[in-house]
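Peer 1:
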Amino acid sequence: MPREFNTLRNKLIKATHNIKTRPDPSLEQVDHAFTTVFVDPDDDEGESQGVDELLVRDAFLEFMTRIMSDYKKYIKDPGANFNYLEHANAKDFFNFDKFVQDKDATKPDRFINKLTQTIIFGSFIEAWSLGKTEYDEQIMYFDEILKQQRKKKSQSLVQAFKEKKVVKALQPTDEGLDLRKRKGYTYTSFPNAF
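Here the sequence shown stands for residues 4 to 197, numbered as in this note's numbering.
(1) Taking the alpha-carbon of I148 as reference, which of Y138, K167, A108, R69 has the nearest alpha-carbon?
(2) Taking the beta carbon of F8 as the centre, do at least 16 other beta carbons fall within 10 Å, making it buried, or is it exposed?
(3) In its own chain, which residues sit with a C-beta less than 8 angstroms from the C-beta of F109, not counting the 5 before and 5 after it?
(4) Could you give the distance in angstroms between the alpha-carbon of R60 and the alpha-carbon of V161?
(5) Beta-carbon within less than 7 angstroms of L64's beta-carbon, same chain only, minus the 5 sequence neighbours each way: which residues are those?
(6) Assuming K76 contacts F97 (C-beta within less than 8 angstroms), just tell me the rounded distance between them.
(7) Return helix, strand or coil for F97, following the three-state DSSP convention.
(8) I'd like the list of long-range same chain contacts for L58, defined as Cβ closer than 6 angstroms, with 5 residues on each side in sequence excluded.
(9) Which of the three DSSP states, helix, strand or coil, is assigned to I22?
(10) Judging by CA-CA distance, which residue of L15, A62, M71, D55 is the nearest neighbour of D146?
(11) In whole angstroms, what is the alpha-carbon distance linking K106 and K135?
(12) Which whole-angstrom value is the C-beta distance of L118 and F124, which I expect to be below 8 angstroms?
(13) Nearest-angstrom Cα distance between K14 and M67?
(14) Mind checking who I78 pairs with in its DSSP beta bridge?
(15) Just to confirm before moving on: does the CB-CB distance between A91 and E129 stay below 8 angstroms?
(16) Decide if A62 is buried, meaning its Cβ has at least 16 other Cβ atoms within 10 Å, or exposed.
(17) Give me the Cβ distance between W131 and I122, rounded to the nearest whole Å; I'm assuming they're in contact under 8 angstroms.
(18) Quick one: complete alpha helix (DSSP H) runs, 4+ long, within the segment 120-165?
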């Protein structure tokens, strides 16, 4: 686990390398959430803050894919007689004890141990096991990222959106239409303004 934390730390330092002043180490335990001003990264002001949003996202995604890389082998089948509507609980679908033990995190102060006790982790396991939830696309994306991580070392797991192709549409006209046979359509003209 220390390797994953070190990688996360190094990537976060790289993502914030343009920040001019770093907080005093004695303030690490102080919560600055209410004095921090967040800006839109697309604005010019956001760039001057020195935080590369995509690198921060990528650092945390890589961290989670490393610590969760083999989570599927701990998924268990609750059995044929299990009533999913009454007893849907993450403990019925996931072997928490084995997962924590294999990750060498049996002590209660270890990150993996604390992670497995969170509601979001339990919700993730339930959503993965039950399927057909509002999180299906995100779970499938996470599983795809896990496969990418194993296959190749890429520069970044999170990519900025770039248009592959821009197609300009022309305004429709009545030219070439036989207006005497108006049975199949009923428009008179396409709107010029939206």
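Ideal placement from N, C-alpha and C gives every residue a C-beta, glycine not left out.
Peer 2: Looking at the coordinates:
(1) Here residue 148 refers to the residue found at position 145 of the sequence shown. The shortest Cα separation from I148 among Y138, K167, A108, R69 belongs to R69.
(2) Residue mapping note: residue 8 aligns to position 5 of the sequence shown, counting from 1. Within 10 angstroms of the beta-carbon of F8 lie fewer than 16 other beta-carbons, which makes it exposed.
(3) Against the sequence shown, residue 109 aligns to sequence position 106. Residue identity check: residue 109 is Thr in the sequence provided, not Phe. Apart from the 5 residues on each side of it in sequence, T109 sits with its Cβ closer than 8 angstroms to the Cβ of V103, N116 in its chain, given in chain order.
(4) Walking along the sequence shown from the start, residue 60 turns up at place 57. Walking along the sequence shown from the start, residue 161 turns up at place 158. Taking the straight line from one Cα to the other gives about 7 angstroms.
(5) Taking the sequence shown and counting its residues from 1, the one referred to as residue 64 is at position 61. Closer than 7 angstroms at Cβ, skipping near neighbours: I148, L160, V161.
(6) For the purposes of this step, residue 76 is taken as residue 73 along the sequence shown, with counting starting at 1. For the purposes of this step, residue 97 is taken as residue 94 along the sequence shown, with counting starting at 1. That belief does not hold up - the Cβ atoms of K76 and F97 are roughly 10 angstroms apart, past 8 angstroms.
(7) The count along the sequence shown starts at 1 and reaches residue 97 at position 94. F97 falls in the strand class under three-state DSSP.
(8) If you number the sequence shown from 1, residue 58 lands on position 55. If we look at L58 and ignore the five residues flanking it on each side, its Cβ neighbours are A18.
(9) By one-based count along the sequence shown, residue 22 stands at place 19. Residue state, collapsed to three classes: coil.
(10) The residue labelled residue 146 in the question sits at position 143 within the sequence shown. Closest option to D146, Cα to Cα, is M71.
(11) The count along the sequence shown starts at 1 and reaches residue 106 at position 103. The count along the sequence shown starts at 1 and reaches residue 135 at position 132. Approximately 29 angstroms, taken between the alpha carbons.
(12) Your numbering for residue 118 matches position 115 in the sequence shown. Your numbering for residue 124 matches position 121 in the sequence shown. Indeed, because the Cβ distance is near 6 angstroms, the residues count as touching under 8 angstroms.
(13) What you label residue 14 is simply residue 11 of the sequence shown in a count that begins at 1. What you label residue 67 is simply residue 64 of the sequence shown in a count that begins at 1. Cα to Cα, the separation comes out at about 13 angstroms.
(14) In the sequence shown, counting from the first residue as 1, residue 78 sits at position 75. Its beta-bridge partners are F97.
(15) Residue numbering aside, residue 91 sits at position 88 when the sequence shown is read from its first letter. Residue numbering aside, residue 129 sits at position 126 when the sequence shown is read from its first letter. For A91 and E129, yes; Cβs fall inside 8 angstroms.
(16) Indexing the sequence shown from 1 puts residue 62 at position 59. So A62 ends up on the buried side.
(17) Residue mapping note: residue 131 aligns to position 128 of the sequence shown, counting from 1. Residue mapping note: residue 122 aligns to position 119 of the sequence shown, counting from 1. Contact between W131 and I122 does not hold, since their C-beta atoms are separated by about 15 angstroms, which reaches or exceeds 8 angstroms.
(18) Runs of the alpha helix (DSSP H) inside the segment 120-165: 122-133, 139-154.
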